[in-house]
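Asks: Below is the structure I would like to discuss, written out as structure tokens.
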Amino acid sequence: MSIISRKGNGANVFESQYREDAPRRRANAHQTVSRFPRETRPRYAVPKSNAFTLYKYGSDALKQKYIFKLVTADYIGAFAITEPDAGSDVMAMSSTAQDEGDHWLLNGSKTWISNADVADVVIYYAYTDKGKGSKGLSAFVIEPKRFNGIKTSVLEKMGSHSSPTGEIFLTNTKVPKENIIRPDLCSKQQFRNH
Ligand SMILES: Cc1cc2nc3c(=O)[nH]c(=O)nc-3n(C[C@H](O)[C@H](O)[C@H](O)COP(=O)(O)OP(=O)(O)OC[C@H]3O[C@@H](n4cnc5c(N)ncnc54)[C@H](O)[C@@H]3O)c2cc1C
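Counting the sequence shown from 1 gives a position; the numbering used here is that position plus 451.
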């Protein structure tokens, strides 16, 4: 697998993974994980997709802070797009992020989120300005175990019990200003990366 170094901002992990032999290396990794029960995959894949989103769209400070911990599994990751009234139609989401000058104030709820109750880091999607459509949609790094105003719950499922799935509720959650991920780049490509 890739060489992981504590030097730099963690981007070297992905530079080594996404060079020309990347498809073969990724296929090998997925093949290895596939030997375990199917539901094991989110445990491995979700934090990795978080790290990749941060690598592609995050600031240097966010890369420095989170990528290394996500790829070494020090941190469990999650991404939160789906809402009770916004599944396939992601643009129907109603979570909001208000600019409060020195921080963001987030409100809303998400459902069907893999790792919701165990995640250290969640990439949470919310509108800064719903009137602007996709251009008013942003992603934020939140830390459910550290930030105030975050509650989670676990959903009962018929299967896939080794991968917890749950809800996330934000009520006036203060998020540091720098935890926004490229406000101008909430594209279909970014959603696809998850
Ligand atoms: C185990 C599990 C883990 C999950 N983990 C996460 C996670 O970590 N993060 C996260 O954000 N979400 C997660 N989800 C949510 C998942 O991504 C959503 O279920 C998905 O986006 C579909 O949304 P929905 O369930 O509301 O279905 P709906 O959007 O209601 O769709 C239902 C069906 O209708 C079809 N359909 C919808 N719209 C159209 C259309 N316009 N034309 C034709 N057909 C259509 C769909 O293809 C689907 O078959 C998870 C779900 C599960 C079950």
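No residue lacks a Cβ here, since even glycine has one placed at the ideal position from N, Cα and C.
Out of curiosity, what's the CA-to-CA distance linking Thr624 and Leu521?
Replies: The residue given as residue 624 occupies position 173 in the sequence shown. The residue given as residue 521 occupies position 70 in the sequence shown. Going by the C-alpha atoms only, they are around 23 Å apart.
Asks: As a quick exercise: from Asn566, His612 and Ala548, pick the residue whose alpha carbon is nearest that of Asp595.
Replies: Here the question's residue 595 lines up with position 144 in the sequence shown. It is Pro, not Asp, that sits at residue 595 in the sequence shown. Here the closest residue by C-alpha is Asn566.
Asks: Can you tell me which of Asp511, Arg633, Phe519 and Gly552 puts its alpha carbon nearest to the alpha carbon of Val572?
Replies: The residue you call residue 572 lines up with position 121 of the sequence shown. Considering only alpha carbons, the answer is Phe519.
Asks: Between which residues of its own chain and Ile619 is the CB-CB distance below 6 Å, once the five residues before and five after are set aside?
Replies: On the sequence shown, residue 619 is found 168 positions in, with the first residue counted as 1. Ala531, Lys561, Ile564, Ala567 and Thr603, listed in sequence order.
Asks: In whole angstroms, what is the alpha-carbon distance linking Val541 and Gln549?
Replies: Here residue 541 refers to the residue found at position 90 of the sequence shown. Here residue 549 refers to the residue found at position 98 of the sequence shown. About 19 Å.
Asks: For Ala524, I'd like the list of residues in its chain whose CB is within less than 6 Å of its CB, leaving aside the five on either flank, ordered along the chain.
Replies: Position 73 of the sequence shown holds residue 524. Cβ neighbours of Ala524 beyond the five flanking positions: none.
Asks: Which residues in the same chain as Phe505 place their Cβ atom closer than 6 Å to its Cβ, once the five residues preceding and following it in sequence are excluded?
Replies: The residue labelled residue 505 in the question sits at position 54 within the sequence shown. Going by the sequence as given, residue 505 is Leu instead of Phe. The answer, listed in chain order, is Leu513, Lys514, Tyr517 and Ile518.
Asks: Is Ser546 near ligand 1 - that is, is its Cβ less than 8 Å away from at least one heavy atom of it?
Replies: Start at 1 with the first residue of the sequence shown, and residue 546 comes out as number 95. False, no ligand heavy atom lies under 8 Å from that Cβ.
Asks: By DSSP, does Leu556 sit in helix, in strand, or in coil?
Replies: Stepping through the sequence shown from its first residue, residue 556 is reached at position 105. Correct three-state label for Leu556: strand.
Asks: Please tell me whether, using a cut-off of 8 Å, the distance from the CB of Asp540 to the nearest non-hydrogen atom of ligand 1 is below it.
Replies: Along the sequence shown, read from residue 1 onward, the residue named residue 540 stands at position 89. At least one heavy atom of ligand 1 is nearer than 8 Å to the Cβ of Asp540, so yes.
Asks: Is the beta carbon of Ile632 closer than 9 Å to that of Phe591?
Replies: On the sequence shown, residue 591 is found 140 positions in, with the first residue counted as 1. On the sequence shown, residue 632 is found 181 positions in, with the first residue counted as 1. Contact flag set, yes.
Asks: Over what stretch of residues does the beta strand (DSSP E) that includes Leu621 continue unbroken?
Replies: Position 170 of the sequence shown, counting from 1, holds the residue named residue 621. Thr616 to Pro627 is the extent of the beta strand (DSSP E) around Leu621.
Asks: By Cβ distance below 6 Å, which residues in the same chain neighbour Glu551 in space, the five residues on each side in sequence not counted?
Replies: Walking along the sequence shown from the start, residue 551 turns up at place 100. There are no such residues.
Asks: For Ser545 versus Gly559, is the C-beta spacing smaller than 9 Å?
Replies: Sequence index remark: in the sequence shown, residue 545 carries index 94 (1-based). Sequence index remark: in the sequence shown, residue 559 carries index 108 (1-based). Their beta carbons are under 9 Å apart, which means Ser545 touches Gly559 by this criterion.
Asks: Could you tell me the alpha carbon to alpha carbon distance between Thr579 and Leu588, rounded to whole angstroms?
Replies: As a first step, residue 579 must be located in the sequence shown, where it is residue number 128. As a first step, residue 588 must be located in the sequence shown, where it is residue number 137. If I take the Cα positions, the gap works out to 6 Å.
Asks: Just to check, is the beta-carbon of Lys561 closer than 8 Å to a non-hydrogen atom of ligand 1?
Replies: Indexing the sequence shown from 1 puts residue 561 at position 110. Indeed, a heavy atom of ligand 1 lies less than 8 Å from the Cβ.
Asks: Would you decide whether Thr647 is buried or exposed? Buried here means 16 or more other CB atoms lie within 10 Å of its CB.
Replies: Any answer about residue 647 is impossible in this case: the structure gives the chain only from 452 up to 645.
Asks: Taking Pro627 as the reference, give the member of Ser614, Leu557 and Glu607 with the closest Cα.
Replies: Indexing the sequence shown from 1 puts residue 627 at position 176. Here the closest residue by C-alpha is Leu557.
Asks: In the structure shown, what three-state DSSP assignment does Ile454 receive?
Replies: Position 3 of the sequence shown, counting from 1, holds the residue named residue 454. Because Ile454 sits at a pLDDT of 41, beneath the cut-off of 50, its placement in the model cannot be relied upon, and the point is left open.
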